[in-house]
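Throughout the sequence shown, residue numbering follows our numbering, covering 590 to 838 in sequence.
The beta carbon of each residue, even a glycine, is placed where N, CA and C say it ideally should be.
Here's the structure we're looking at; comments come further down.
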Amino acid sequence: MREITETFWDSSLEELKQGYIEETHSFVCLLCGKQVEKGIIYPLNDVLYEAERFMRYHIESEHGSVFDYLLSLNKKLTGLTDHQSNLLRLFYEGKNDKDIQKELEIGSASTIRHHRFALKEKERQAKIFLTLMDLLKEKDKHAPAIVPPHKTANMLDVRYDITHEESEKVVKKCFKDGRLINFPRKEKQKLVVLRQITNQIDPEQTYSEKALNEILKSIYEDFVTIRRYLIEYGFLDRKPDGSAYWIKK
C-alpha cells in the first residue's frame, strides 16, 4: 500500500520540492519510498546515471513531477478547491491569464489576476502557519505521534486521529496469526484493520474478483464486507463492472 509516510511530512520544503531525501547510503523517493543506492552507476537506454541523477529520472518517469504528485493528493491534504487546483496546474504549464480565462471559461483576464492574488495570500498565510507550528514543536513535548493518512483516502476526518500506539493495540486485538478475528464497529479501528489487510495485497498486481476474494477469504470469512470497505475507504479501486481490482495509488 502506498502511503504518505512520516518521512514525507518531516521533510523540509526544499526536500519536498525535489521529491527525495539523501541518507547515508542512498537517496529515497518521498513520493513512493524507492531507494537508490549511492556509489552505483545505473544504466538506462544506453545512458549511465549516477545515483542522484537516476533518482531524479525516477521521479520524472514514475510521478511526472513533484508538482503533479502533490496536486493529485486529496483536497483535504492540499487545502485546495478543485478550481484552485485547476488554476495552479495551468499556471505551472506556463499559460497566460488570457489563455486560462478562455480555457476555464470564467470571467475575464482580470478575474484570473484576482485568483493569483488570492493564492498569493494563501501562500503568506501558509508561511505564517508553518512558522507557528515549527515554534510549537520546540515547546509541545506531549504531542502524540499520529499515523499519517494514506494518500488515496476518500475522507479525512476524526477517524484518522489515531496514534501509532493505538493502532498497534487494535492490530493485536483484532488479528491472530494473520487472520482477522472480528471486524470492529468503531470507525477508527476499522481504518486500522483495513490498512493492515491492504498490506497483505500486492500493490503491483491487478486481481480478478475471484482472486481478490480468495485473498480476503484467507483473512476473514466475510470477505464481501471487507472488500466493500476497502473500496469505500480508498484503499482499493476497481473497474465499473467489477472484473478487476487493484491497490489504489
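1) Measure from the C-beta of GLN624 to each C-beta in chain C and report whether the shortest distance is under 8 Å.
2) I need the DSSP call for GLU754, collapsed to helix, strand or coil.
3) Of the choices GLY628, LEU693, TYR834, LYS837, whose alpha-carbon is the least far from that of GLU641?
4) At what residues does the beta strand (DSSP E) containing PHE812 begin and finish?
5) Jot down the residue ranges of each uninterrupted alpha helix (DSSP H) in the segment 628 to 710, minimum 4 residues, whole runs only, in chain order.
6) Examine the Cβ distances between the segment 758 to 767 and the segment 780 to 792 and report whether three or more of them are shorter than 8 Å.
7) Tell me whether the beta-carbon of GLY622 lies closer than 8 Å to the beta-carbon of VAL655.
8) Assuming PHE616 is part of the beta strand (DSSP E), what are its boundary residues?
9) TYR809: which of GLU611, ILE770, LEU825 sits nearest, CA to CA?
10) By DSSP, does PHE764 sit in helix, in strand, or in coil?
11) According to DSSP, simplified to helix, strand and coil, what is ARG784?
12) Given LEU637, which residues of its chain have a CB within under 6 Å of its CB, disregarding the five upstream and five downstream residues?
13) Bridge partners of TYR749, per DSSP?
On the basis of the coordinates in this document:
1) You won't find chain C in this structure, because it holds only one protein chain.
2) Counting from 1 along the sequence shown, the entry for residue 754 is found at position 165. DSSP places GLU754 in helix when its eight states are reduced to three.
3) Here residue 641 refers to the residue found at position 52 of the sequence shown. Nearest option by C-alpha distance: GLY628.
4) Taking the first residue of the sequence shown as 1, we reach residue 812 at position 223. Taken as a continuous stretch (DSSP letters only), PHE812 belongs to no beta strand (DSSP E), being part of the alpha helix (DSSP H) at 812 to 821.
5) 640 to 652, 655 to 660, 664 to 667, 671 to 681, 686 to 693
6) yes
7) If you number the sequence shown from 1, residue 622 lands on position 33. If you number the sequence shown from 1, residue 655 lands on position 66. Contact flag unset, no.
8) Taking the first residue of the sequence shown as position 1, residue 616 is located at position 27. Per DSSP, PHE616 belongs to the beta strand (DSSP E) from 615 to 618.
9) Working through the sequence shown from its first residue, we reach residue 809 at position 220. Among GLU611, ILE770, LEU825, the Cα nearest to that of TYR809 belongs to ILE770.
10) Within the sequence shown, numbered from 1, the residue matching residue 764 stands at position 175. Note: PHE764 maps to strand in three-state DSSP.
11) The residue labelled residue 784 in the question sits at position 195 within the sequence shown. If DSSP states are grouped into helix, strand and coil, ARG784 belongs with the helices.
12) To locate residue 637, count along the sequence shown from 1; it is residue 48. ILE630, listed in sequence order.
13) On the sequence shown, residue 749 is found 160 positions in, with the first residue counted as 1. DSSP lists no partner for TYR749.
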